[in-house]
Amino acid sequence: MSETRSSIPALLRQGARNGIPIGLGYFAVAFALGCSKSAVDAGLTPFQGFLASLLCSASAGEYAGLGVMAAKSALVEMVVISLIANARYLLMSAAMSQRMDPEGNFIHRLVMSFFITDELFAVTIARPGYLSPWYMYGAILVASPCWSLGTALGCAAGDVMPPRLGSALSVALFGMFLAIVIPPARRERVIAGIVAVCFAASFAMSRLPVVSQISEGTRTIILTVIIASAAAALFPRPQGSGEGGEAA
Amino acid sequence: MSNYVYILVMAAVIYLIRVLPMTLIRRPIRSRFLQSFLFYVPYVTLSVMTFPAIVDATQHPLAGVLALVVGVVAAWLGAGLMPVAVLCCVTVFLSELILV
Chain X
1409 MSETRSSIPA
1419 LLRQGARNGI
1429 PIGLGYFAVA
1439 FALGCSKSAV
1449 DAGLTPFQGF
1459 LASLLCSASA
1469 GEYAGLGVMA
1479 AKSALVEMVV
1489 ISLIANARYL
1499 LMSAAMSQRM
1509 DPEGNFIHRL
1519 VMSFFITDEL
1529 FAVTIARPGY
1539 LSPWYMYGAI
1549 LVASPCWSLG
1559 TALGCAAGDV
1569 MPPRLGSALS
1579 VALFGMFLAI
1589 VIPPARRERV
1599 IAGIVAVCFA
1609 ASFAMSRLPV
1619 VSQISEGTRT
1629 IILTVIIASA
1639 AAALFPRPQG
1649 SGEGGEAA
Chain L
12 MSNYVYILVM
22 AAVIYLIRVL
32 PMTLIRRPIR
42 SRFLQSFLFY
52 VPYVTLSVMT
62 FPAIVDATQH
72 PLAGVLALVV
82 GVVAAWLGAG
92 LMPVAVLCCV
102 TVFLSELILV
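In order, the protein sequences belong to chains X and L.
Basically the working numbering = 1-based index in the first sequence + 1408.
Basically the working numbering = 1-based index in the second sequence + 11.
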């Protein structure tokens, strides 16, 4: 473990710094969510939008939920759709459980879980050693308000965001994902190969008939389970090193 | 039904999904396969979510492709999270001045 003993304020600061690009991307996506057709059809008020985003922090998941709200469907449908659209967080949570300090306070598990999103998961797990709750909280404190406020403003404002700006901001999150995935891919040829396979498979699934009808969240789960299983079977990690340092 | 009821049900389901593995899996998983699987999950999930979504997110698909190339090169050369994210945004903004 290359764990450097950083102080809590230093960890919060580091997290907050990496929370900035997340927040920018969140704001753009949340704004789009707030002025989406589903949100309008559901009659979502700015406060309701704020509340939904604060409590759920889930982009595709919330969008699916707004569809249920707009259709005034049964609550059972809300439960089922939320399970499907957010199932990938189950895998992320399982991956994070393996990197928690066993001596750490249990409360951290409860709080960190609440904020598992694609982006916050990504930056938190990208650091070597045990996951740092304080680093994650720093990122949350910057990024989460952007998500909630973006949704509320989107609900209030309709479509005032210049498309040019929205388009540019929308790739911030993907840029961040690349910054997390590419450096290990450079170090390990296996990971580079996996990234290439993922790109190809994901592209194929989004364009082919039938499978492209499956929602994006569900496609992510299907591909994650298949590709990560195949990788684990073909290229098992050396025993004991899997949960540790090199996932940076 | 009130929107608030929907929002609370949605929030409860999503929190359960997120909190159950983190709280129920308290000790290291012994199986080498599962260990390896969970090691690969972040890379696979993030890669799958990045492409082709980055191309579909922009007004012009070519701007997304350029952002992808710039992002991969910058990250390969060792740029951090924030610089890569900003470079991708700038690439899209500038290329769409010409493309759109």
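Note that CB positions come from ideal geometry on N, CA and C, so glycine has one too.
These numbers were taken from a predicted model, which means no experiment stands behind them.
Tell me whether Pro1591 of chain X sits in a helix, a strand or coil according to DSSP, three-state version. One-based indexing of the first sequence puts residue 1591 of chain X at position 183. Judged by DSSP in its simplified three-state form, Pro1591 of chain X adopts helix.
Which residue comes first and which comes last in the alpha helix (DSSP H) that contains Val111 of chain L? One-based indexing of the second sequence puts residue 111 of chain L at position 100. Counting along the chain, no alpha helix (DSSP H) covers Val111 of chain L, and no H or E run does either.
Here's the rule I'm using: 16 or more other beta-carbon atoms within 10 Å means buried, otherwise exposed. How should Asn14 of chain L be labelled? Taking the second sequence and counting its residues from 1, the one referred to as residue 14 of chain L is at position 3. With 16 or more other CB atoms across the displayed protein chains lying within 10 angstroms of its CB, Asn14 of chain L is buried.
So with Cβ pairs under 9 Å, would you call Val1550 of chain X a contact of chain L? Stepping through the first sequence from its first residue, residue 1550 of chain X is reached at position 142. Cβ-Cβ to chain L under 9 Å: no for Val1550 of chain X.
Please classify Gln1621 of chain X: does DSSP put it in a helix, a strand, or coil? For the purposes of this step, residue 1621 of chain X is taken as residue 213 along the first sequence, with counting starting at 1. Three-state DSSP puts Gln1621 of chain X in a helix.
Residues in its own chain within less than 6 Å of Met1486 of chain X by CB, not counting five upstream and five downstream? The residue given as residue 1486 of chain X occupies position 78 in the first sequence. The residues are Val1476.
Do we get a CB-CB distance below 9 Å when we pair Pro174 of chain L with the residues of chain X? Absent from the structure is residue 174 of chain L, since the part of chain L shown begins at 12 and ends at 111.
Report, in whole angstroms, the separation of the C-beta atoms of Pro1454 of chain X and Ala1560 of chain X, which I expect to be a contact under 8 Å. As a working mapping, residue 1454 of chain X is identified with position 46 in the first sequence. As a working mapping, residue 1560 of chain X is identified with position 152 in the first sequence. Between Ala1560 of chain X and Pro1454 of chain X the Cβ distance is about 4 Å, and since that is below 8 Å, they are a contact.
Please classify Met1520 of chain X: is it buried, with 16 or more other beta-carbons within 10 angstroms of its beta-carbon, or exposed? Taking the first residue of the first sequence as position 1, residue 1520 of chain X is located at position 112. Its Cβ being crowded by 16 or more others within 10 Å, Met1520 of chain X is buried.
Along the alpha helix (DSSP H) that carries Asp1449 of chain X, what are the first and last residues, could you check? Mapped onto the first sequence, residue 1449 of chain X falls at position 41. Its alpha helix (DSSP H) spans residues Lys1445 to Asp1449.
Please report how far the alpha carbon of Ile1430 of chain X lies from the alpha carbon of Phe1458 of chain X, in whole angstroms. The residue you call residue 1430 of chain X lines up with position 22 of the first sequence. The residue you call residue 1458 of chain X lines up with position 50 of the first sequence. Between Ile1430 of chain X and Phe1458 of chain X, the C-alpha separation is close to 18 Å.
Which residues in the same chain as Ala1466 of chain X place their Cβ atom closer than 6 Å to its Cβ, once the five residues preceding and following it in sequence are excluded? Within the first sequence, residue 1466 of chain X is the residue found at index 58, counting from 1. Listed in chain order, the non-local C-beta contacts of Ala1466 of chain X below 6 Å within the same chain comprise Asn1494, local neighbours out to five positions each way being set aside.
Kindly list the residues whose CB is nearer than 6 Å to the CB of Cys1464 of chain X, restricted to its own chain and excluding five residues on each side of it in sequence; keep chain order. The residue given as residue 1464 of chain X occupies position 56 in the first sequence. Excluding five sequence positions before and after Cys1464 of chain X, the CB atoms of its chain that fall closer than 6 Å to its own CB belong to Glu1470, given in chain order.
Exposed or buried, Glu1511 of chain X, counting other C-beta atoms within 10 Å across all chains shown (16 or more means buried)? By one-based count along the first sequence, residue 1511 of chain X stands at place 103. That one is exposed.
Hey, out of L:Met33, L:Ile28 and L:Val101, whose CA is closest to His1516 of chain X's CA? Within the first sequence, the letter at position 108 stands for residue 1516 of chain X. Residue L:Met33 is the option with its Cα nearest to His1516 of chain X.
Cβ of Lys1445 of chain X less than 9 Å from any chain L Cβ? For this step, residue 1445 of chain X is matched to residue 37 along the first sequence. So, not an interface residue.
Amino acids of chain L, ordered along the chain, whose beta-carbon sits closer than 7 Å to that of Asn1494 of chain X: Against the first sequence, residue 1494 of chain X aligns to sequence position 86. For Asn1494 of chain X, the residues of chain L that pass the 7 Å Cβ criterion are Ile25 and Ile28, in the order they occur in the chain.
Taking Leu1462 of chain X as part of the alpha helix (DSSP H), name the residues at either end of that continuous run. Here residue 1462 of chain X is taken as the residue at index 54 of the first sequence, counted from 1. For Leu1462 of chain X, the enclosing alpha helix (DSSP H) covers residues Pro1454 to Cys1464.
Within 10 angstroms of its Cβ, does Gly1442 of chain X collect 16 or more other Cβ (buried), or is it exposed? Here residue 1442 of chain X corresponds to residue number 34 of the first sequence, with the count starting at 1. Flag for Gly1442 of chain X reads buried.
Please work out which residues of its chain come closer than 7 Å, Cβ to Cβ, to Gln46 of chain L, disregarding the five sequence neighbours upstream and downstream, and give them in chain order. On the second sequence, residue 46 of chain L is found 35 positions in, with the first residue counted as 1. Here the set comprises Ile40.
How would you list, in chain order, the residues of chain X whose beta-carbon sits under 7 Å from the beta-carbon of Ile18 of chain L? If you number the second sequence from 1, residue 18 of chain L lands on position 7. The answer, in chain order, is Gln1456, Leu1459, Ala1460 and Leu1463.
Check whether Ala1447 of chain X and Cys1563 of chain X have beta carbons under 9 Å apart: As a position in the first sequence, residue 1447 of chain X is number 39, starting the count at 1. As a position in the first sequence, residue 1563 of chain X is number 155, starting the count at 1. Their beta carbons are under 9 Å apart, which means Ala1447 of chain X touches Cys1563 of chain X by this criterion.
Proximal chain L residues relative to Val1531 of chain X, where beta-carbon distance stays under 7 Å: Along the first sequence, read from residue 1 onward, the residue named residue 1531 of chain X stands at position 123. Per Cβ cutoff of 7 Å: Leu92.
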